[in-house]
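Protein chains in written order, with the working numbering: chain W, 1 to 211; chain G, 1 to 211.
From the three backbone atoms N, C-alpha and C, an ideal C-beta is built for every residue, glycine too.
For reference, the structure discussed in these notes is given below.
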DNA sequence: ACGTTACTAGAACGATCGTTCTAGACTCTC
DNA sequence: GAGAGTCTAGAACGATCGTTCTAGTAACGT
């Protein structure tokens with residue numbers, strides 16, 4: 001049996017995945033972790049916020065390591081990307097569409113509210129983007145292109161997880177993975193910076209955003 | 001001054017964008033809407049759940065209409081996509097990175113918990129994907145390809161919003177929009193179905209997913 | 001004028017929230 | 001074996017949660 005601190009960390013991560021930050025109570029945490037309130041506040045004196053921060057960074061680095069492992073086993077960065085998406089799809093199906101990763105959920109809940117948690121999620125996302133960008137750059141892509149591509153891939157991954165969970169269909173992840181692979185392949189072949197036009201759509205956006 | 005029901009709806013949508021479903025209390029709602037508990041339960045007898053369902057469908061269709069407007073004003077579907085991403089980026093900056101849309105946030109919180117809310121979010125996402133797919137198909141893409149492409153675009157949009165809010169940098173949305181535009185262009189040019197290989201990465205995923 | 005319906009107002013309910021606090025049970029060191 | 005950490009145990013706190021309920025006002029058809 002793992003020590004109390006990691007039990008609390010694991011249980012919190014799992015609960016965050018299912019119900020998010022505000023939807024998870026510390027009573028649920030202590031029960032799931034077979035711990036008591038005293039222990040929780042002993043290891044995390046800052047309470048729920050500190051606990052959340054620890055969960056974010058812990059599972060953030062865990063997923064980064066997972067990506068590195070998969071990327072090490074892949075022939076090309078494009079393979080690594082589609083492998084990661086496919087692996088996520090498999091995991092989602094095996095876990096009956098319970099969320100794989102708590103970070104996107106918590107990030108959305110706290111981005112406008114809790115500055116320290118926002119910063120913690122940003123650090124995690126940044127680490128992922130850097131990790132992917134390093135692979136692209138190592139394969140010959142210019143640094144700026146690598147970074148932009150990695151940003152898009154991480155965004156698509158996070159969004160695809162939401163869609164897949166909501167639709168209870170992991171195919172969304174596989175499809176998005178294939179498209180990301182195609183995008184990576186295309187960019188590798190022609191690493192031209194594309195400065196798209198910013199047309200007059202922001203006014204329409206603005207007038208509708210509050211409805 | 002709008003009628004009470006729409007005031008409640010608007011206020012709830014705004015609060016959901018900032019704090020999510022569980023992070024928003026009905027007291028906050030009534031205060032922001034200048035309404036009372038009695039009015040809230042008069043219009044939404046089902047309580048918080050029914051209110052959330054109404055908010056999801058309302059702002060879901062609002063954003064779909066917004067997409068149609070932008071797409072109508074764009075020369076090609078690829079233009080429509082990058083216009084929409086750029087417009088979202090502008091709006092996010094103007095609103096100081098408060099979330100643009102409550103649906104992704106709520107969907108994440110309730111996907112594993114509340115079946116009716118999950119179904120409501122799925123309907124919204126499905127509507128968006130269909131709307132985008134229709135544009136792609138009208139431009140000549142086979143139906144299956146159009147649907148897969150639309151799924152990817154919606155996923156990337158949702159994920160890019162999360163990343164942009166978290167990093168407080170709308171550039172993420174613009175970059176992702178450019179990449180989505182490139183992807184759409186590429187698929188339009190060569191609408192070949194790409195069946196990516198599912199390599200042996202799910203085992204690694206599985207062993208790490210709980211950490 | 002009256003009854004009916006639509007809506008507002010907010011006190012009150014039990015449950016649960018995050019947090020604090022005191023007390024006890026284990027280690028170790030000296 | 002005394003004392004100082006380290007960790008566990010859980011009762012108790014005030015605040016706030018979603019919901020219910022009763023009472024009241026406004027508007028309208030007849």
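Of all residues in the segment 156 to 183 of chain G, those with a C-beta nearer than 7 angstroms to a C-beta of chain W are 156, 157, 158, 159, 160, 162, 163, 165, 166, 167, 172, 175, 176, 177, 178, 179, 181, 182 and 183, reading in chain order. Within the segment 122 to 133 of chain W, those residues whose Cβ lies closer than 7 angstroms to any Cβ of chain G are, in chain order, 122 and 125. Annotation for residue 32(W): 11 place their beta carbon closer than 6 angstroms to its own, counting only its chain and skipping 5 residues before and after.
For residue 160(W), the enclosing alpha helix (DSSP H) stretches over residues 143 to 167. What residue 29(W) touches in chain G, judged by beta-carbon distance under 7 angstroms, is nothing: the nearest beta carbon there is about 15 angstroms away. Within chain G, no residue has its beta carbon less than 7 angstroms from that of residue 139(W); the closest one is some 17 angstroms off. Within 9 angstroms of the CB of residue 112(W), the CB atoms of chain G belong to 17, 18, 19, 96, 97, 98, 99 and 165, in sequence order along the chain. Taking residue 133(G) as the centre and dropping the five residues before and after it, the same chain places the C-beta of 146, 147 and 150 closer than 6 angstroms to its C-beta, in chain order. For a cut-off of 8 angstroms, the C-beta gap from residue 155(G) to residue 176(W) is around 5 angstroms, short enough to register as a contact. Judged by their CB atoms, residue 164(G) and residue 157(G) are not nearer to each other than the 8 angstroms cut-off. Along the segment 21 to 55 of chain W, going in chain order, the ones with a CB nearer than 7 angstroms to a CB of chain G are 22 and 23.
A straight line joining the alpha-carbon of residue 159(W) with that of residue 99(G) spans about 15 angstroms.
For residue 115(G), the number of other beta carbons within 10 angstroms of its own is below 16, and it is reported as exposed.
Using a Cβ-Cβ cut-off of 8 angstroms, residue 104(G) is close to 108, 159 and 162 of chain W, given in chain order.
Flagged as an interface residue toward chain W: residue 186(G), by a C-beta distance shorter than 8 angstroms. Counted as a single uninterrupted DSSP element, the alpha helix (DSSP H) harbouring residue 123(G) occupies residues 115 to 138. Using a 10 angstroms sphere on the CB of residue 120(G), the tally of other CB atoms reaches 16 or more, which defines it as buried.
Only residues of its own chain outside the window of five on either side were considered, and among them 88, 92, 99, 100, 101, 104 and 173 have a CB closer than 8 angstroms to the CB of residue 161(G), listed in chain order. Put simply, the CB of residue 118(G) is near chain W, with a gap under 8 angstroms to one of its CB atoms. In the three-state DSSP reduction, residue 103(W) falls in the helix class (H, G or I). In terms of beta-carbon proximity, residue 115(W) stays away from the interface with chain G, with every pair separated by 8 angstroms or more. Taking the Cα of residue 171(G) as reference, the smallest distance to any Cα among 14(G), 97(G) and 13(G) is reached at 97(G). For residue 111(W), no alpha helix (DSSP H) segment is defined, and its DSSP state is neither H nor E.
In terms of beta-carbon proximity, residue 57(G) stays away from the interface with chain W, with every pair separated by 8 angstroms or more.
Here the segment 10 to 30 of chain W makes contact with the segment 40 to 53 of chain W; the two share three or more CB pairs at distances below 8 angstroms. Taking the Cα positions, residue 128(W) is about 17 angstroms away from residue 168(G). For residue 24(W), the number of other beta carbons within 10 angstroms of its own is at least 16, and it is reported as buried. In this structure, the beta-carbon distance from residue 189(W) to residue 78(W) does not fall below 8 angstroms. Contact between residue 137(W) and residue 143(W) holds, since their C-beta atoms are separated by about 6 angstroms, short of 8 angstroms. Contacts between residue 76(G) and chain W, judged by CB atoms closer than 9 angstroms, are missing: the closest CB pair is about 12 angstroms apart.
Taking C-beta separations shorter than 6 angstroms and ignoring five residues to either side along the sequence, the partners of residue 43(G) in its chain run 5, following chain order.
The alpha helix (DSSP H) runs lying completely inside the segment 11 to 97 of chain W and spanning 4 residues or more are 26 to 33, 37 to 43, 48 to 72 and 77 to 94, given in chain order.
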